[in-house]
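A.B. asks: Take 227 as the starting number for the sequence shown in the numbering used here and just add one per residue.
Quick one: this structure, given as structure tokens, is what I'll be asking you about.
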Amino acid sequence: MASSDFLFSGDLYLDRKTDAGASTGYLPPIEAGQIAIEETTELKTIKSKKRDTYGQVRRTVSLKQPSKIKVTLNEVSAEILALALLGTADARSVAAGTVASGAPTEVTLIPGRFVQLPHRHITPHVDVTSPIVIETDETTPVEIPLADVEINHRAGLIRYIGATLTEATACTLTYKHAGESGTRVAGGVKPTIKVGIMMDMKNIVDGESAFLVIDEATLTPTSPVDFMGDDFLSVELEGELVTLSDKTSPYILDLLTGG
């Protein structure tokens, strides 16, 4: 006999679809703090204007409104962060390399200000066999001593702190840099978030299984991403459920008996 009391635990599987609605497959199970569906209707009424029944309702009909959903994700991967930032997440890899004198990096050094180099993880050199070389981009280049610059090797930033240059000066640099790999999130490029959702749940009251399957939801972020917050990042989304052309409802809930 099905339970009459429910307290669910569950794993959330999320499929971020393409703009055309094609599946890309479910991500591994995600910690969900909330997944709530709200159903509402709009009442349409006909009121009487007869002499003795003025203002009374003659007929009422309930019109279905879009099914709404709220989701809170407490486990934030790069893919989930991309959802919150309306972006994409793609693997990125940069090989270690050398910027040699044959194709040096051109940069304008600004006294007292950091400028960005094309690479991060600039290799600190402690020997003269592979030094970082900085020269002014002039007919007769002048080599700038390393003591006259401050380099944030990890971030790939360089700042002129010497006394010779008094204004922004075009320079060329040669250096070595380490490789890096990870995921790049490009934010603000995907205003439409289409997802499929499957919840693999357990009713803690009786141990029975339940499955919530949402074919497609169109979501939007409802909270900012605070990169300097004091708490762990979470992602809050809400939106509406879509009934696909080959389905008769936007979602199904299967409450199982026997495990």
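Ideal Cβ positions, reconstructed from N, Cα and C, are used throughout, including at glycine.
Being a predicted model, the structure only gives us computed values, none of them experimental.
Given that a residue counts as buried once 16 or more other Cβ atoms are within 10 Å of its Cβ, and exposed if not, what is S293?
C.D. replies: buried
A.B. asks: Would you mind stating whether E406 and S319 have Cβ atoms separated by less than 9 Å?
C.D. replies: yes
A.B. asks: Where does A310 sit, in a helix, a strand or coil, going by DSSP?
C.D. replies: helix
A.B. asks: Contact between the segment 323-330 and the segment 295-302 is defined here as three or more beta-carbon pairs at a separation below 8 Å; is this criterion met?
C.D. replies: no
A.B. asks: How should R410 be labelled, buried or exposed, when 16 other C-beta atoms within 10 angstroms of its C-beta is the threshold for buried?
C.D. replies: exposed
A.B. asks: Secondary structure at A322, three-state DSSP: helix, strand or coil?
C.D. replies: coil
A.B. asks: Which whole-angstrom value is the C-beta distance of L481 and A436, which I expect to be below 8 Å?
C.D. replies: Their Cβ separation, rounded to whole angstroms, is 5 Å, which keeps L481 and A436 in contact under 8 Å.
A.B. asks: For chain B, is any of its Cβ atoms less than 9 Å away from the one on Y386?
C.D. replies: Any reference to chain B falls outside this structure, which holds one protein chain only.
A.B. asks: Just the C-alpha distance for A194 and S288, rounded to the nearest angstrom, thanks.
C.D. replies: Absent from the model: residue 194. The displayed extent of the chain is 227 to 485, so no value can be given.
A.B. asks: From the DSSP output, in three-state form, read off D426 for me.
C.D. replies: Note: D426 maps to strand in three-state DSSP.
A.B. asks: Just the C-alpha distance for G281 and K270, rounded to the nearest angstrom, thanks.
C.D. replies: 14 Å
A.B. asks: The beta strand (DSSP E) spanning H403 covers which residue range?
C.D. replies: T395 to H403
A.B. asks: If contacts are defined as beta-carbon pairs under 8 Å, then D245 and T418 qualify, I think. What distance do you get, rounded to the angstrom?
C.D. replies: 6 Å
A.B. asks: Candidates L238, L372 and E265: which alpha carbon is nearest S475's?
C.D. replies: E265
A.B. asks: For V368, is the classification buried or exposed, using 16 other Cβ atoms within 10 angstroms of its Cβ as the cut-off for buried?
C.D. replies: exposed
A.B. asks: May I have the straight-line CA-CA distance separating E464 from F340, to the nearest angstrom?
C.D. replies: 41 Å
A.B. asks: By Cβ distance, which residues of its chain are closer than 8 Å to K314, with the 5 residues on each side in sequence left out?
C.D. replies: Note on residue identity: the sequence assigns Thr, not Lys, to residue 314. Result list for T314: A308, V411, A412, V415 and K416, in chain order.
A.B. asks: Would you check if the distance between the CB atom of V325 and the CB atom of A396 is smaller than 9 Å?
C.D. replies: For the pair V325 and A396, the CB atoms are not nearer than the 9 Å cut-off.
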